[in-house]
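Student: What follows is a structure written as structure tokens; I'll ask about it next.
Chains as they are written, first to last, in my numbering: chain A, 1 to 441; chain B, 442 to 882.
The structure is reproduced here in structure tokens:
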């Protein structure tokens with residue numbers, strides 16, 4: 001069983017419900033939608049990511065021999081159920097916002113239309129994939145806004161929540177506009193640029209800091225980024241200046257230095273002065289260590305000469321809001337709209353579309369939540385992605401997704417994307433949807 | 442390349458450092474230790490988890506053909522380096538606290554003693570595994586303390602951060618004392634009891650709530666747990682009472698009802714009264730929906746008759762503190778203690794041991810951080826786990842780990858484990874270690 005593919009990576013209730021659906025021939029068409037409710041802290045917009053992994057997973061979904069054996073031996077299911085799963089395939093339709101689309105609370109970003117058992121079964125893993133990448137792409141997009149054009153790199157693997165989180169966080173950050181990741185596997189699998197040079201342990205393993213710098217430079221002459229905060233940041237910057245002529249004679253440029261502790265803005269100013277005095281005006285200053293959009297904005301607002309940032313734990317775990325109030329809900333079955341009335345969680349019923357309206361200047365004006373079959377002006381954001389369980393197009397390149405994300409973020413009104421006290425973007429509800437909501441409450 | 446096994450799931454700097462270490466023959470013995478610094482919010486103790494996956498990964502670590510091809514084609518490394526990796530094995534020693542051991546800030550829980558390149562390379566994935574399971578086991582242990590003997594079940598897969606996070610969170614929660622998980626794969630791979638019955642969509646797909654309950658009960662007669670908050674919780678409880686005689690005639694007991702929204706304590710009281718009046722005194726009440734140790738304690742403090750809790754997002758993401766300030770640091774190389782002096786992050790140098798002292802009554806008294814080769818009274822917590830790259834014992838059973846965790850939590854002083862305003866557990870530093878710290882600053 002492959003961790004990322006097996007249908008047993010699901011909640012048991014998907015399977016117990018499935019057995020009953022089969023027994024009762026409840027296999028008519030269901031419509032489920034995935035959406036995110038309003039966040040408790042500042043998230044005036046979200047950035048959609050993870051669809052590619054969802055489509056790939058849906059297309060390959062099978063119950064193999066090991067899985068069916070587990071079903072049989074669990075004692076939780078009928079023999080007929082285990083047998084039926086041998087032929088299980090996802091045969092449904094998927095409409096979704098392309099990755100890299102900005103969206104807002106209560107807007108569905110994926111709509112699954114399929115026989116009820118299929119649309120139900122896929123819930124857990126679909127959410128597990130889509131929720132996480134969207135969570136991280138959104139956090140990373142906020143860092144992009146804060147960075148005002150400076151380079152951002154993902155350093156978060158070590159404290160990401162497991163193997164797939166590290167890999168998918170690298171992808172989501174790249175979708176949002178990051179320049180690179182430190183995670184090699186994200187390069188091997190997705191072609192994301194990868195960067196990295198040295199940790200403090202490298203300096204510590206040498207008896208002399210300058211000797212550590214020299215050895216690294218000779219070993220990686222095209223990639224000299226020196227970590228200078230292991231002992232004393234400014235003294236290390238002086239050592240870099242002293243070492244530079246020797247390396248220059250060997251045609252080895254010092255591309256950058258990295259600061260990883262203390263008052264990063266203040267160190268950056270002092271180090272910039274030291275490097276400039278030493279003639280290293282081309283050597284860039286990178287900063288890392290517990291950064292997120294708030295601290296990046298503070299550093300840059302202070303005018304600190306930082307050229308790029310490495311971000312880790314706070315972005316790869318979206319630390320201020322480590323999960324989104326997301327849901328994958330049944331909104332229609334057998335031709336009738338469905339919705340939950342549980343307290344504090346009322347949903348919008350019916351199969352829906354999201355239509356975006358732009359200002360003449362190319363700025364987003366407002367969205368309208370409509371019924372799926374409503375003819376409405378504006379740009380429909382949910383697009384056909386899968387029909388009868390088959391993808392309608394080749395996977396998009398990550399570069400295309402990045403471009404869409406950049407354009408989508410650029411089109412956001414300034415007052416919605418400002419970091420503190422953002423305005424709420426207007427999302428309207430169409431007259432027909434309003435009428436349905438009234439009729440069903 | 443298998444996501445959870447490939448050595449490319451690492452930060453690039455581990456590999457760039459490695460090339461330089463090989464070129465410079467810096468292959469003497471290094472000692473790295475993994476520890477967690479003091480948390481910014483209430484975490485007076487941590488619970489160690491994830492060692493089993495670390496040892497398994499270390500033992501199997503190889504650069505396969507695909508990985509070496511990536512190294513060669515990346516343009517970042519020398520040919521000699523790619524060749525040398527063909528023979529790479531982890532040949533070092535590992536000493537560690539067994540899983541399920543309670544520990545405290547700055548105490549190492551794993552010590553890796555190996556040639557520098559090996560001890561360095563394993564950092565990223567070792568941390569990625571150990572940090573996450575320890576994070577979640579610690580959060581789950583706090584829920585166990587709050588639950589005062591009530592059943593706890595992990596429901597968190599959908600919003601856990603990816604595939605491995607869902608699986609490993611289920612494991613970490615079980616280590617901490619949870620009764621079960623909803624994640625099927627955790628049963629298939631680890632034998633963790635799995636539970637689950639129905640979601641709101643199951644009720645919504647039926648035109649009639651009672652009919653939904655009846656169909657589920659007949660389909661799963663041994664596992665009737667009915668979700669009753671889809672429309673109106675108390676009215677649904679009345680429907681359960683009305684349905685019970687019909688099911689009883691078929692020998693189908695209604696094991697429990699589940700509440701998932703609204704004021705859970707108040708609903709539990711009303712539902713308990715309805716069930717009791719209807720003769721369903723054996724039917725348990727389960728609660729779920731955004732719960733953590735704080736809300737569980739509040740519900741139980743109010744005297745609400747809740748028999749068990751399902752917890753999800755807030756536990757599987759450790760939402761109040763989604764990462765620990767953990768580190769894997771070089772503390773000795775080539776026989777000399779090493780340590781970083783970066784501002785705000787001073788480490789304790791040297792290869793260390795943690796020695797625990799107990800009161801006569803079996804309660805933990807204090808720990809002492811000592812040098813590894815110091816003879817000290819008390820119980821040494823770091824035990825030999827691996828020598829020369831081979832495990833010294835078969836993997837422990839999860840039941841053994843659970844027992845240790847339960848005993849470890851029971852031995853914690855009451856004032857340290859109380860949920861609000863916990864006391865700080867005393868961790869002392871031995872005279873020899875103190876002397877080393879003074880000598881090196």
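Even for Gly, the Cβ is constructed at its ideal location relative to N, Cα and C.
With a threshold of 8 Å between beta-carbons, can residue 251/A be considered close to chain B, or not?
Tutor: If you number the first chain from 1, residue 251/A lands on position 251. It does not; no Cβ of chain B falls within 8 Å.
Student: Cβ-heavy atom distance between residue 493/B and the ligand ZN below 7 Å?
Tutor: Because no ligand of any kind appears in the structure shown, any question about the ligand ZN cannot be addressed here.
Student: In whole angstroms, what is the alpha-carbon distance linking residue 546/B and residue 853/B?
Tutor: As a working mapping, residue 546/B is identified with position 105 in the second chain. As a working mapping, residue 853/B is identified with position 412 in the second chain. Approximately 15 Å between the Cα atoms of the pair.
Student: Beta-carbon separation of residue 153/A and residue 182/A under 8 Å?
Tutor: Numbered from its first residue, the first chain carries residue 153/A at position 153. Numbered from its first residue, the first chain carries residue 182/A at position 182. Yes, these two residues count as a Cβ contact at 8 Å.
Student: If you draw a straight line from the alpha carbon of residue 26/A to that of residue 84/A, how long is it in whole angstroms?
Tutor: Working through the first chain from its first residue, we reach residue 26/A at position 26. Working through the first chain from its first residue, we reach residue 84/A at position 84. Approximately 14 Å, taken between the alpha carbons.
Student: Name the residues in the region 194-221 of chain A whose C-beta lies less than 7 Å from a C-beta of chain B; which are they?
Tutor: Listed by position, the residues of the region 194-221 of chain A near chain B (Cβ gap below 7 Å) are 194, 195, 196, 197, 198, 199, 200, 201, 202, 204, 205, 215, 216, 219, 220.
Student: Does any residue of chain A bring its CB to less than 8 Å from the CB of residue 487/B?
Tutor: Residue 487/B sits at position 46 when you count from the first residue of the second chain. It does not: the Cβ of residue 487/B has no partner Cβ on chain A nearer than 8 Å.
Student: Counting only the same chain and skipping the five closest in sequence on each side, list residues whose C-beta sits under 7 Å from that of residue 66/A.
Tutor: In the first chain, the residue the question calls residue 66/A occupies position 66. For residue 66/A, where only same-chain residues beyond five positions count, the Cβ hits under 7 Å are 1.
Student: Run down chain A in chain order and give the residues with a C-beta less than 8 Å from the C-beta of residue 460/B.
Tutor: Here residue 460/B refers to the residue found at position 19 of the second chain. Result: 219, 220.
Student: Does the region 749-762 of chain B come close enough to the region 707-722 of chain B that 3 or more CB-CB pairs lie under 8 Å?
Tutor: These segments do not touch.
Student: Does the beta-carbon distance from residue 848/B to residue 616/B come in below 8 Å?
Tutor: Translated into positions along the second chain, residue 848/B becomes position 407. Translated into positions along the second chain, residue 616/B becomes position 175. Going by C-beta atoms, residue 848/B is not nearer than 8 Å to residue 616/B.
Student: Reducing DSSP to helix, strand and coil, say where residue 669/B ends up.
Tutor: Numbered from its first residue, the second chain carries residue 669/B at position 228. DSSP places residue 669/B in coil when its eight states are reduced to three.
Student: Can you give me the Cβ contacts of residue 870/B inside the same chain, cut-off strictly under 6 Å, excluding the 5 residues immediately before and after it?
Tutor: Locating residue 870/B in the second chain gives position 429, where the first residue counts as 1. Counting only Cβ-Cβ distances below 6 Å, and skipping sequence neighbours, we find 810.
Student: Run through chain B and tell me which residues come within less than 8 Å of residue 434/A, C-beta to C-beta.
Tutor: Walking along the first chain from the start, residue 434/A turns up at place 434. Correct list: empty, because the minimum Cβ distance to chain B is about 21 Å.
Student: For the putative contact between residue 296/A and residue 143/A, defined by C-beta atoms under 8 Å, what is the C-beta separation to the nearest angstrom?
Tutor: As a position in the first chain, residue 296/A is number 296, starting the count at 1. As a position in the first chain, residue 143/A is number 143, starting the count at 1. That belief holds up - the Cβ atoms of residue 296/A and residue 143/A are roughly 6 Å apart, short of 8 Å.
Student: For residue 62/A versus residue 82/A, is the C-beta distance shorter than 8 Å?
Tutor: By one-based count along the first chain, residue 62/A stands at place 62. By one-based count along the first chain, residue 82/A stands at place 82. Not in contact: residue 62/A and residue 82/A (Cβ atoms no closer than 8 Å).
Student: By the three-class DSSP mapping on this structure, what secondary structure does residue 751/B have?
Tutor: As a working mapping, residue 751/B is identified with position 310 in the second chain. Residue 751/B: strand per DSSP, three-state reduction.
Student: For residue 463/B, which three-state DSSP category applies?
Tutor: In the second chain, counting from the first residue as 1, residue 463/B sits at position 22. In this structure, residue 463/B counts as helix in the three-state DSSP scheme.
Student: Of all Cβ atoms in chain A, is any one closer than 8 Å to the Cβ of residue 614/B?
Tutor: As a working mapping, residue 614/B is identified with position 173 in the second chain. For residue 614/B, the answer is no, since every Cβ of chain A falls outside 8 Å of its Cβ.
Student: Please tell me whether residue 9/A and residue 125/A are closer than 8 Å, where the distance is taken between their beta carbons.
Tutor: Taking the first chain and counting its residues from 1, the one referred to as residue 9/A is at position 9. Taking the first chain and counting its residues from 1, the one referred to as residue 125/A is at position 125. Yes, they are a contact pair.
Student: Using C-beta distances below 6 Å, list every residue in its chain close to residue 387/A, excluding the 5 sequence neighbours before and after it, in chain order.
Tutor: Translated into positions along the first chain, residue 387/A becomes position 387. Here the set comprises 93.
Student: Strictly under 8 Å for the Cβ-Cβ distance: is residue 340/A near chain B by that measure?
Tutor: Taking the first residue of the first chain as position 1, residue 340/A is located at position 340. Judged by the 8 Å Cβ criterion, residue 340/A is in contact with chain B.
Student: Using a C-beta cutoff of 8 Å, does residue 16/A count as contacting chain B?
Tutor: Residue numbering aside, residue 16/A sits at position 16 when the first chain is read from its first letter. Yes, because at least one Cβ of chain B sits closer than 8 Å to the Cβ of residue 16/A.
Student: Since residue 858/B meets chain A, which of its residues come closer than 7 Å, beta carbon to beta carbon?
Tutor: Looking up residue 858/B in the second chain gives position 417. Correct list: empty, because the minimum Cβ distance to chain A is about 24 Å.
Student: Quick one: measure Cβ to Cβ for residue 15/A and residue 77/A, integer angstroms, because I've assumed they're closer than 8 Å.
Tutor: On the first chain, position 15 is the one that residue 15/A refers to. On the first chain, position 77 is the one that residue 77/A refers to. So it is a contact: roughly 7 Å between Cβ atoms.
Student: Within 10 Å of its beta-carbon, does residue 38/A have 16 or more other beta-carbons around it, so buried, or fewer, so exposed?
Tutor: For this step, residue 38/A is matched to residue 38 along the first chain. Exposed is the call here.
Student: Does any CB atom of chain A fall closer than 8 Å to the CB of residue 607/B?
Tutor: As a working note, residue 607/B is residue 166 in the second chain. Interface residue, yes.
Student: Among the residues of its own chain, which have a CB less than 7 Å from the CB of residue 231/A, if the five just before and after it don't count?
Tutor: For the purposes of this step, residue 231/A is taken as residue 231 along the first chain, with counting starting at 1. These residues qualify, in order along the chain: 209.
Student: Does DSSP put residue 442/B in a helix, a strand or coil?
Tutor: Walking along the second chain from the start, residue 442/B turns up at place 1. Three-state DSSP puts residue 442/B in coil, outside helix and strand.
Student: Opposite residue 53/A in the DSSP bridges: which residues?
Tutor: In the first chain, counting from the first residue as 1, residue 53/A sits at position 53. Its beta-bridge partners do not exist; DSSP assigns none.
Student: What does residue 710/B reach in chain A if we use C-beta pairs closer than 7 Å?
Tutor: In the second chain, residue 710/B corresponds to position 269, counting from 1. What residue 710/B touches in chain A: nothing, since even the nearest Cβ is about 16 Å away.
Student: Short of 7 Å in beta carbon distance, which residues of its chain neighbour residue 674/B, apart from the five on each side in sequence? Order them along the chain.
Tutor: Position 233 of the second chain, counted from the start, is the residue given in the question as residue 674/B. Excluding sequence neighbours, residue 674/B sits near 700, 703, 708, 712.
Student: Please list the terminal residues of the continuous beta strand (DSSP E) segment that includes residue 609/B.
Tutor: As a position in the second chain, residue 609/B is number 168, starting the count at 1. Not the beta strand (DSSP E): residue 609/B falls in the alpha helix (DSSP H), residues 604-617.
Student: Could you check what DSSP says for residue 825/B in three-state terms: helix, strand or coil?
Tutor: By one-based count along the second chain, residue 825/B stands at place 384. Note: residue 825/B maps to strand in three-state DSSP.
Student: Any idea what DSSP makes of residue 686/B, helix, strand or coil?
Tutor: The residue you call residue 686/B lines up with position 245 of the second chain. Three-state result, residue 686/B: helix.
Student: Answer with buried or exposed for residue 628/B, where buried requires no fewer than 16 other C-beta atoms within 10 angstroms of its C-beta.
Tutor: Here residue 628/B refers to the residue found at position 187 of the second chain. Classification for residue 628/B: buried.
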